[in-house]
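Asker:
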Amino acid sequence: MKKFILHTVLFLLPILAVVVACEVLVRQIPNDYSYKYDWLEKNAHRVQVLTLGTSHALNGINPSLFSLKTFNTAYHSQDIERDHYLFMKNIDKMDSLRYLILPMSLFTLNNNNEDNQRSWHYLHNYILYYHQPKTSLRIEYYLEVYQGIPFVRLYNWFCLHKDEITCDSLGFSIDRRAKERPKDIKWDDVGKEKAEEHTGRPLNTTRIAKNKTLIEEMVETCRAKGVTVILLTTPTHEAYRRHVAPEYEPLKNAYCEELVRRYNNVRYIDLLASTEYTEEDFWDVDHLNVDIGATKLSKMLDAYIVADMEKQKRQAKESGTMDAQ
Amino acid sequence: MIFNSIEFAIFLPMVFLLYWFVFKRSLRQQNLFIVAVSYLFYGWWDWRFLFLIAFTSLCSWVSGLLIGRYRSQRRIAKTVNVANIVVNLLILGLFKYYDFFAKSFAEIFHIAEGDYLLLNVILPVGISFYTFQALSYSIDVYRNKIEPTRDIVQFFAFVSFFPQLVAGPIERATNLLPQFGQRRTFDRAIALDGMKQILWGMFKKVVVADQCATFVDPIFEHYQGQTGSQLMLGAILFSFQIYADFSGYSDIAIGTSKLFGIKLMRNFNVPYFSRDIAEFWRRWHISLTTWLRDYIYIPLGGSRCSKWKVARNTAIIFLVSGLWHGANWTYVTWGAYHALLFMPLILLGKNRKYTEVVAVQRTLPTLRELIQILSTFMLAVIGWIIFRAESITQAWEYIGGMWQWGTLRASYRFFYQFDVWPISIFIVIMLIIEWIDRRCEHGLMLGHVKSRALRIIVYYIVVGCILYHYGSQQTFIYFQF
Numbered sequence: 052m053k054k055f056i057l058h059t060v061l062f063l064l065p066i067l068a069v070v071v072a073c074e075v076l077v078r079q080i081p082n083d084y085s086y087k088y089d090w091l092e093k094n095a096h097r098v099q100v101l102t103l104g105t106s107h108a109l110n111g112i113n114p115s116l117f118s119l120k121t122f123n124t125a126y127h128s129q130d131i132e133r134d135h136y137l138f139m140k141n142i143d144k145m146d147s148l149r150y151l152i153l154p155m156s157l158f159t160l161n162n163n164n165e166d167n168q169r170s171w172h173y174l175h176n177y178i179l180y181y182h183q184p185k186t187s188l189r190i191e192y193y194l195e196v197y198q199g200i201p202f203v204r205l206y207n208w209f210c211l212h213k214d215e216i217t218c219d220s221l222g223f224s225i226d227r228r229a230k231e232r233p234k235d236i237k238w239d240d241v242g243k244e245k246a247e248e249h250t251g252r253p254l255n256t257t258r259i260a261k262n263k264t265l266i267e268e269m270v271e272t273c274r275a276k277g278v279t280v281i282l283l284t285t286p287t288h289e290a291y292r293r294h295v296a297p298e299y300e301p302l303k304n305a306y307c308e309e310l311v312r313r314y315n316n317v318r319y320i321d322l323l324a325s326t327e328y329t330e331e332d333f334w335d336v337d338h339l340n341v342d343i344g345a346t347k348l349s350k351m352l353d354a355y356i357v358a359d360m361e362k363q364k365r366q367a368k369e370s371g372t373m374d375a376q
Numbered sequence: 005m006i007f008n009s010i011e012f013a014i015f016l017p018m019v020f021l022l023y024w025f026v027f028k029r030s031l032r033q034q035n036l037f038i039v040a041v042s043y044l045f046y047g048w049w050d051w052r053f054l055f056l057i058a059f060t061s062l063c064s065w066v067s068g069l070l071i072g073r074y075r076s077q078r079r080i081a082k083t084v085n086v087a088n089i090v091v092n093l094l095i096l097g098l099f100k101y102y103d104f105f106a107k108s109f110a111e112i113f114h115i116a117e118g119d120y121l122l123l124n125v126i127l128p129v130g131i132s133f134y135t136f137q138a139l140s141y142s143i144d145v146y147r148n149k150i151e152p153t154r155d156i157v158q159f160f161a162f163v164s165f166f167p168q169l170v171a172g173p174i175e176r177a178t179n180l181l182p183q184f185g186q187r188r189t190f191d192r193a194i195a196l197d198g199m200k201q202i203l204w205g206m207f208k209k210v211v212v213a214d215q216c217a218t219f220v221d222p223i224f225e226h227y228q229g230q231t232g233s234q235l236m237l238g239a240i241l242f243s244f245q246i247y248a249d250f251s252g253y254s255d256i257a258i259g260t261s262k263l264f265g266i267k268l269m270r271n272f273n274v275p276y277f278s279r280d281i282a283e284f285w286r287r288w289h290i291s292l293t294t295w296l297r298d299y300i301y302i303p304l305g306g307s308r309c310s311k312w313k314v315a316r317n318t319a320i321i322f323l324v325s326g327l328w329h330g331a332n333w334t335y336v337t338w339g340a341y342h343a344l345l346f347m348p349l350i351l352l353g354k355n356r357k358y359t360e361v362v363a364v365q366r367t368l369p370t371l372r373e374l375i376q377i378l379s380t381f382m383l384a385v386i387g388w389i390i391f392r393a394e395s396i397t398q399a400w401e402y403i404g405g406m407w408q409w410g411t412l413r414a415s416y417r418f419f420y421q422f423d424v425w426p427i428s429i430f431i432v433i434m435l436i437i438e439w440i441d442r443r444c445e446h447g448l449m450l451g452h453v454k455s456r457a458l459r460i461i462v463y464y465i466v467v468g469c470i471l472y473h474y475g476s477q478q479t480f481i482y483f484q485f
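Sequence order for the protein chains is V and R. Okay, so the first sequence: first residue is 52 according to the numbering used here, each after it adds one. Okay, so the second sequence: first residue is 5 according to the numbering used here, each after it adds one.
1) Quick one: measure Cβ to Cβ for V71(V) and E195(V), integer angstroms, because I've assumed they're closer than 8 Å.
2) For F277(R), is the classification buried or exposed, using 16 other Cβ atoms within 10 angstroms of its Cβ as the cut-off for buried?
3) Listed from N- to C-terminal order along the chain, which residues in the region 449-471 of chain R have their beta-carbon within a distance smaller than 7 Å of any beta-carbon of chain V?
4) Assuming contact is defined by CB atoms lying nearer than 8 Å, are L109(V) and Y126(V) in contact in what I supplied?
5) My understanding is that K262(R) touches A195(R), with C-beta atoms under 8 Å, so please give their C-beta distance in whole angstroms.
6) With a cut-off of 8 Å on the beta carbons, I'd call L282(V) and M155(V) a contact; round off their distance for me.
7) Identify whether S224(V) lies in helix, strand or coil by the three-state DSSP scheme.
8) Check each candidate in I356(V), I259(V), M351(V), N94(V) and name the one with the smallest Cα separation from T285(V).
9) Spatial neighbours of M347(R) within its chain, please: C-beta separation below 7 Å, excluding the five flanking residues on both sides.
10) I want to verify the contact list: residues of chain R whose CB lies under 8 Å from the CB of F55(V), in sequence order.
11) Checking the sheet assignment: what are the DSSP bridge partners for Y150(V)?
12) For the region 419-449 of chain R, list every residue whose C-beta sits within 9 Å of some C-beta in chain V, in sequence order.
13) Spell out whether any CB of chain V is found under 8 Å from the CB atom of E283(R).
14) By DSSP, does W49(R) sit in helix, in strand, or in coil?
15) Looking at C-beta atoms only, is the number of pairs between the region 18-34 of chain R and the region 271-286 of chain R that lie closer than 8 Å three or more?
16) Does I10(R) have its Cβ less than 8 Å from a Cβ in chain V?
17) Within 10 Å of its beta-carbon, does V203(V) have 16 or more other beta-carbons around it, so buried, or fewer, so exposed?
18) Is there contact between the region 338-348 of chain V and the region 93-110 of chain V, where contact requires at least three CB pairs shorter than 8 Å?
19) If the cut is a Cβ gap below 8 Å, which residues of chain R does M52(V) touch?
20) With DSSP as the reference, label Q376(V) as helix, strand or coil.
21) For R365(V) and G371(V), what's the separation of their Cα atoms in angstroms?
22) How many whole angstroms separate the CB atoms of L101(V) and L148(V), which I take to be in contact at a CB cut-off of 8 Å?
23) If we require 4 or more residues per run, which alpha helix (DSSP H) segments fall completely within the region 51-93 of chain R?
24) Going by DSSP, name the residue or residues bridged to T284(V).
25) Look up H329(R) in the DSSP assignment and give the residues it is bridged to.
26) Any idea if D280(R) is buried or exposed, counting beta-carbon neighbours within 10 angstroms, 16 or more meaning buried?
27) List, in order along the chain, the chain V residues whose C-beta lies closer than 8 Å to that of M199(R)?
28) Helix, strand or coil for N8(R), going by three-state DSSP, please let me know.
29) Assuming F264(R) contacts G238(R) under a Cβ cut-off of 8 Å, what Cβ separation, rounded to an integer in Å, is found between them?
30) Would you say Q198(V) lies against chain R (beta-carbon separation less than 8 Å)?
31) Could you tell me if W51(R) is buried or exposed, where buried requires 16 or more neighbouring beta carbons within 10 angstroms of its beta carbon?
32) Using a C-beta cutoff of 8 Å, does Y227(R) count as contacting chain V?
33) Can you say whether R29(R) is buried or exposed, counting buried as having 16 or more other CB atoms within 10 angstroms of its CB?
34) So is P201(V) buried or exposed if we call it buried at 16+ other beta carbons inside 10 Å?
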């Protein structure tokens, strides 16, 4: 028995050493999460406009086209709980923050990645690279190697020096260009598939209530700090809207309008069915491409923010004049 | 908890050490420990269904005692046995088949909005396996093949033994129950062999089955837009996926049992090297086919009756086998398909033509044997299409779509274009290893490799392949049964 255990341990030791070494090494590979975390640690005090949200914002909002200093902390499938964590972690350092863009897609209120079957894929990055505190028995949340030893990734970085950063210096994703869109995309098929993925689940009141609490906490924090919140629904293709479950849009609209009524620092821009965006603006049914569509949206948002700032200045001046009188 | 998870990698060594170092002095304590960890293993998935497995176990144990007590009064003993079978099959039927039959009933009788008939119950993992295993006990007690056990812990350990609890092999009481009735001694050679078998099972599951799934799932999901080559490839890859997945699980289960001094029955015996369908069914999911033979086929008369009855009995066990796999007409059709293939062999008395493994005294098969193997394999592939399809219509369209003009001509370009080379190489490696070791219990016995250093290198290569491919985890296919 002892010999068996000894031989087994001796056999497994090199394997364990390789696994541990790979875990340590793979965490050193620069990626979007670690880049955004480091950037915010150094530059949060300079940010005047912050974008949260999913890939809808990641691909749709180009900070370099804004008049104010803007940073895009959105990421693929980033849910409200992750948005909330990123915002609350950095808000105290953001002395210059004027606007928070909080994307509200159709699925935002009903989504939490911890209910997702592939949640490791999304969540472990926030724990490992954004240092989100998490108490869970799920080992996969704490390990990069949970889905296999990434020999290719290690080779790419340590031998070829190819990092995994896909965003530009202000956090905007640059990998969905108009000319790279598949030429024979079947809009209706893709729309149906995406709509089913996003709105195929029944509405979960507990999850919705929790997300609303997190959103309101962000809104109230912003109000206390004089930050304006822009709830934004990014444009979508008609092929997507045709197939979404009917209960999702009224839920989102009703909630956003309620927030606008309740909080004077909240604005709501609903571009879900905007006719300004044509097929050439889209990468697929629910994402803009990063050159044409994102440029259009970013310029529109910038103009909106500038106009809103002017309006707020005027209002502040008028209320100041009235006080004097 | 699944075998190819980090949780199991932590669970197994802890259980192993406690089993041999803490609980080895008392057999009862050791069995109780097995029950506890087995329930923990099962409850990791969903603790609510522990009550179900406990009830099934209790029911069969009590039935065994009553049958033993009323042995001289056959009528009572028979009533108890039948009652136990009915109760357990009712539970199985409720969880597994109720919604299927309710839905079919609604469709046949055109009941609009028949959803109110459905219960939408969750299917407990492994219910088909442990139910059949528990039933085999009471039936064997009734047939005087085994004495009923008064030790409830021993019996619970037999039903719930964690390596084979959720996906077999479906053990017989005559084999497994006595092993829980006697002290186990640690045998280093058997334990080492168990480790190798676990490694081989993991290789088949992680490297072959899970990688096949990444191609198979999209092909079957969007079969209508695929070319003949793609459909053919999807069908062949699924055949290897289901084999590697299920036999891989069985290898892990058997190998794990060896670590605890328990010997389980072999469940797969290189079925894709079969020369006809009868041989295929003697080598595929052996624990289920022998269960059906011993508890349904033989009681119905088996082969010792008129040809018409033999045909009837054959049809029944294949249909039951299909239905056992799941609540869908595709499984029943799959069973019927194999019944049609098997029938001529049994009616002509040629179903036991090949009992030895192919090329037993040779290195390679003859040309005739190769043709037989490939033909049998293709027949199995067609059956797997029916098995995998969501509906009979899909199966029919899939099979029809495979035989398009230009299927073979396009296949080379498709092979290269869709990066199928890596998985194809692993499938070939698996087949070569299993061919070389076709007379052995599993592929990593490596008895013919004399050099210890070379064997260790092989094991490390296998581990490396597993670690590299670990990422695209898929659940074991047979968990859904």
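The beta-carbon is built from N, C-alpha and C at its ideal position, and this holds for glycine as well.
Answerer: Answer, in terms of the structure:
1) In the first sequence, counting from the first residue as 1, residue 71(V) sits at position 20. In the first sequence, counting from the first residue as 1, residue 195(V) sits at position 144. Rounded, the Cβ-Cβ distance is 11 Å, inconsistent with contact.
2) Position 273 of the second sequence, counted from the start, is the residue given in the question as residue 277(R). F277(R) comes out buried.
3) V467, L471
4) What you label residue 109(V) is simply residue 58 of the first sequence in a count that begins at 1. What you label residue 126(V) is simply residue 75 of the first sequence in a count that begins at 1. Yes; because the gap between Cβ atoms is below 8 Å, this pair is in contact.
5) Within the second sequence, numbered from 1, the residue matching residue 262(R) stands at position 258. Within the second sequence, numbered from 1, the residue matching residue 195(R) stands at position 191. About 6 Å; that satisfies the 8 Å criterion.
6) Residue 282(V) sits at position 231 when you count from the first residue of the first sequence. Residue 155(V) sits at position 104 when you count from the first residue of the first sequence. Right, the Cβ-Cβ distance comes to about 5 Å (below 8 Å), so this counts as a contact.
7) The residue labelled residue 224(V) in the question sits at position 173 within the first sequence. S224(V): strand per DSSP, three-state reduction.
8) Your numbering for residue 285(V) matches position 234 in the first sequence. Comparing Cα-Cα distances from T285(V) to each of I356(V), I259(V), M351(V), N94(V), the minimum goes to M351(V).
9) By 1-based counting over the second sequence, the position of residue 347(R) is 343. Hits under 7 Å: A315, T318.
10) What you label residue 55(V) is simply residue 4 of the first sequence in a count that begins at 1. Near F55(V) (Cβ distances below 8 Å), the residues of chain R are F190, R192, A195, L196.
11) One-based indexing of the first sequence puts residue 150(V) at position 99. Its beta-bridge partners are V100(V), T279(V).
12) When CB distances to chain V are screened at a threshold of 9 Å, not a single residue of the region 419-449 of chain R falls below it.
13) The residue given as residue 283(R) occupies position 279 in the second sequence. Answer no: the Cβ-Cβ gap between E283(R) and chain V never drops below 8 Å.
14) Position 45 of the second sequence, counted from the first residue, corresponds to residue 49(R). The answer is coil: DSSP assigns W49(R) none of H, G, I, E or B.
15) no
16) Reading the second sequence from its first residue, position 6 is the one you call residue 10(R). With 8 Å as the cut-off, I10(R) counts as an interface residue toward chain V.
17) Here residue 203(V) is taken as the residue at index 152 of the first sequence, counted from 1. Only exposed fits V203(V), as fewer than 16 other CB atoms lie within 10 angstroms of its CB.
18) yes
19) As a first step, residue 52(V) is located in the first sequence; it is residue number 1 there, counting from the start. Those are W24, F190, R192, listed as they occur along chain R.
20) The residue you call residue 376(V) lines up with position 325 of the first sequence. Legend: pLDDT at Q376(V) = 49, less than 50; position of this residue unreliable, value from coordinates given subsequently. The answer is coil: DSSP assigns Q376(V) none of H, G, I, E or B.
21) Residue numbering aside, residue 365(V) sits at position 314 when the first sequence is read from its first letter. Residue numbering aside, residue 371(V) sits at position 320 when the first sequence is read from its first letter. When rounded, the distance between both Cα atoms is 10 Å.
22) One-based indexing of the first sequence puts residue 101(V) at position 50. One-based indexing of the first sequence puts residue 148(V) at position 97. With a Cβ gap of about 6 Å, L101(V) and L148(V) count as contacting.
23) 54-73
24) Numbered from 1 along the first sequence, position 233 holds the residue referred to as residue 284(V). Under DSSP, the beta-bridge partners assigned to T284(V) are D321(V).
25) If you number the second sequence from 1, residue 329(R) lands on position 325. DSSP, once it has assigned bridges, lists no residue as partnering H329(R).
26) Counting from 1 along the second sequence, the entry for residue 280(R) is found at position 276. D280(R) comes out buried.
27) Translated into positions along the second sequence, residue 199(R) becomes position 195. Chain V residues near M199(R): T59.
28) Position 4 of the second sequence holds residue 8(R). In this structure, N8(R) counts as coil in the three-state DSSP scheme.
29) By one-based count along the second sequence, residue 264(R) stands at place 260. By one-based count along the second sequence, residue 238(R) stands at place 234. Between G238(R) and F264(R) the Cβ distance is about 39 Å, and since that is not below 8 Å, they are no contact.
30) As a position in the first sequence, residue 198(V) is number 147, starting the count at 1. Answer yes: the Cβ-Cβ gap between Q198(V) and chain R drops below 8 Å somewhere.
31) In the second sequence, the residue the question calls residue 51(R) occupies position 47. So W51(R) ends up on the exposed side.
32) Walking along the second sequence from the start, residue 227(R) turns up at place 223. No, Y227(R) does not count as interfacial toward chain V.
33) On the second sequence, position 25 is the one that residue 29(R) refers to. Under this definition R29(R) is an exposed residue.
34) In the first sequence, residue 201(V) corresponds to position 150, counting from 1. Counting Cβ neighbours within 10 Å, P201(V) comes out buried, since at least 16 surround it.
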